Each structure stands twice: as structure tokens, then as C-alpha cells.
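Engineer: When the letters of the sequence shown are read in order and numbered with mature numbering (1 follows the signal peptide of the UniProt record, and there is no 0), they come out as residues -20 to -1, 1 to 79. Where a beta carbon is used, it is the ideal one built from N, C-alpha and C, also for glycine. All values reported here derive from a predicted model rather than from experimental measurement. The structure follows.
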Amino acid sequence: MKRLFAIPVVLFLVACGVSKVEGTYSSNMTGVTEQKMSFTFKKDGTARMSIGGTALPMEMPYEVNGKTIKVTGQNGDIVFTVLDDGDLLTEGMRLKKEM
């Protein structure tokens, strides 16, 4: 009986984690030219990456585990840390949530 109760609780907690990050986060990349890079996290557990305003033609699954978001891409995983202010940090790049 305890196991039957635990399954809905775990599913509820996972769903809550996903909805907290739902939305678009962006950062300006600097280099030769400045381009906007963004990730859009959807309620269905998929993410889409855009560079310079052009969305890449694939959706990638993501998982939320505490303050970590793991996006699984064709060329490997991208891991984000959710900061206390709600921004995301990955490989030295900080992305802010768009309103």
C-alpha cells in the first residue's frame, strides 16, 4: 500500500519541478559578434535551443533534479544549475528568464 502511495507523490514532485523551470531563458554570447542564445523549457519535458533568434530543428528531453536541469542532446548532455535568483548557469554562461 505504501508503494502505491509513493508513486503518485513522486510523479507530483517531478511535475512540480518541471513546471518551475517552464519558460524561455536567454543570454547574449560575445565573441566575433554578439548573438542571443536561448533555451525554451516546455511543460511536456522538452526543451528547444535558439541561437541568434533561429530555433534549432529539434526538441530535446530534459529532467529536473533539485537545482539541476539536464538537457539530453544529440551531442551530449547540457547541465544547468538553477541559481537562487532563478537564473540558469551552464559552463560559465548565465541565462535569465524572459518575462
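Do you know how far the Cα of ASP65 is from the Cα of ARG28?
Structural biologist: Taking the first residue of the sequence shown as 1, we reach residue 28 at position 48. Taking the first residue of the sequence shown as 1, we reach residue 65 at position 85. Roughly 22 Å separates the two Cα atoms.
Engineer: Is DSSP giving LYS23 helix, strand or coil here?
Structural biologist: If you number the sequence shown from 1, residue 23 lands on position 43. Note: LYS23 maps to coil in three-state DSSP.
Engineer: Judging by CA-CA distance, which residue of THR34, GLU39, SER18 is the nearest neighbour of ASP24?
Structural biologist: As a first step, residue 24 must be located in the sequence shown, where it is residue number 44. It is GLU39.
Engineer: Please return the same chain residues whose Cβ sits closer than 8 Å to the Cβ of GLN15, not counting the five positions on each side in sequence.
Structural biologist: Here residue 15 corresponds to residue number 35 of the sequence shown, with the count starting at 1. Hits under 8 Å: ASN8, MET9, ILE31, GLY32.
Engineer: Residues bridged to VAL62 by DSSP?
Structural biologist: For the purposes of this step, residue 62 is taken as residue 82 along the sequence shown, with counting starting at 1. Beta-bridge pairing links VAL62 to LEU68.
Engineer: Looking at the strands, I want to know which residues DSSP matches up with ASN8.
Structural biologist: Reading the sequence shown from its first residue, position 28 is the one you call residue 8. Beta-bridge pairing links ASN8 to LYS16.
Engineer: Counting only the same chain and skipping the five closest in sequence on each side, list residues whose C-beta sits under 7 Å from that of MET79.
Structural biologist: What you label residue 79 is simply residue 99 of the sequence shown in a count that begins at 1. Excluding residues within five positions, none has a Cβ falling inside 7 Å.
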